[in-house]
Structure formats: structure tokens, C-alpha cells
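Going by UniProt numbering, the first residue of the sequence shown is number 1, and it counts up by one from there.
Where a beta carbon is used, it is the ideal one built from N, C-alpha and C, also for glycine.
What follows is a single structure, written as C-alpha cells, with notes after it.
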Amino acid sequence: MMRSELREHVFKMLFQIEFNDASEMPEHLKYYFEDLENAKDKDKDYIRSKYEAVAARVPEIDELLNQTAEGWKTSRMNKVDLTILRLAVYEMRWDADVPEGVAINEAVELAKKFGGDSSSSFVNGVLGKLAGQES
């Protein structure tokens, strides 16, 4: 699978943490992989490890988002946008394999695909501000 396709699967797994107890997630991951027919073991390993890495840092990521997104606390954010932001912030701050610009661009693409009409501009603005760029 291509990296953007893997990222989309990570996003889908991360989205589930908003609606499921953390103790249930290993079982959800197992079922998710059963339905993922074309995924190789290395793809599943990548999805699992990135999902676990992001999920472990959610409180820290949410704190960064709450400091950055003026007027928008994570508790008020659309859950799709919040999940996309969490993944992107993780990639920007802690994933050395993903350049900051790529993380932002990929997040905007996910927002266009899964978010609402204004999701892509919201995600871009928050991430641009976090990156120290003008949004």
C-alpha cells in the first residue's frame, strides 16, 4: 500500500477511539484487519504501530491543539477534524519519517475526503499555525 492509503487506515482506526473504550480497541483492530483483504503483514504492522503511537499521545496532542486553535477546544471540534488533526500533529512532532509539509498536505486531503465543507481550511489553518506558518 502507498503511504497515503496507510495513513487513511490509521485515521479510520483513530476515529474509533472517540466511540469505543480503549480496552476494546485491540479487538476492533483485529476485526478491521480481517476486512482489509489487500494488506500485507508489513502494512498491518505499520497501521497498528502508528495507531498505537498516536493513541498513546492523544492527551499531549490535544493539549497542543487546545493551545493552538483559538476559540476551538478539542471538546468542541468535529470528531473527523479532530482525528485528522491528531494524526497530523503526531506526524509533525514525533514522526521523523514524515516531513512537516507532507503531514499538513495529507491532513488536508483527508479533510477533503472525510470532513465537511470547511474541514480542509480549518485543518490547514490549525496545522499551519502549529507549524509556525501563516495560515
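> How far does the alpha helix (DSSP H) with Ser121 in it reach, from first residue to last?
Replying inline: The count along the sequence shown starts at 1 and reaches residue 121 at position 121. Looking at the DSSP string, the run of the alpha helix (DSSP H) that includes Ser121 is 119-130.
> On the premise that Leu6 lies in contact with Ala55, defined as a C-beta separation below 8 Å, what is that separation, rounded to the nearest angstrom?
Replying inline: Taking the first residue of the sequence shown as 1, we reach residue 55 at position 55. Taking the first residue of the sequence shown as 1, we reach residue 6 at position 6. The C-beta separation of Ala55 from Leu6 comes to about 16 Å, leaving the pair out of contact by the 8 Å criterion.
>> If you reduce the DSSP assignment to three classes, tell me which class Lys40 lands in.
In response: Sequence index remark: in the sequence shown, residue 40 carries index 40 (1-based). Three-state result, Lys40: coil.
> If you follow the alpha helix (DSSP H) that Thr68 is part of, which residue opens it and which one closes it?
Replying inline: Indexing the sequence shown from 1 puts residue 68 at position 68. Residues 58-68.
> Which of helix, strand or coil does DSSP assign to Thr83?
Replying inline: Walking along the sequence shown from the start, residue 83 turns up at place 83. The answer is helix: DSSP assigns Thr83 an H, G or I state.
>> Less than 6 Å between C-beta atoms, sequence neighbours within five positions excluded: which residues of the same chain meet that for Ile84?
In response: The residue you call residue 84 lines up with position 84 of the sequence shown. These residues qualify, in order along the chain: Ala107, Leu110, Ala111, Val123.
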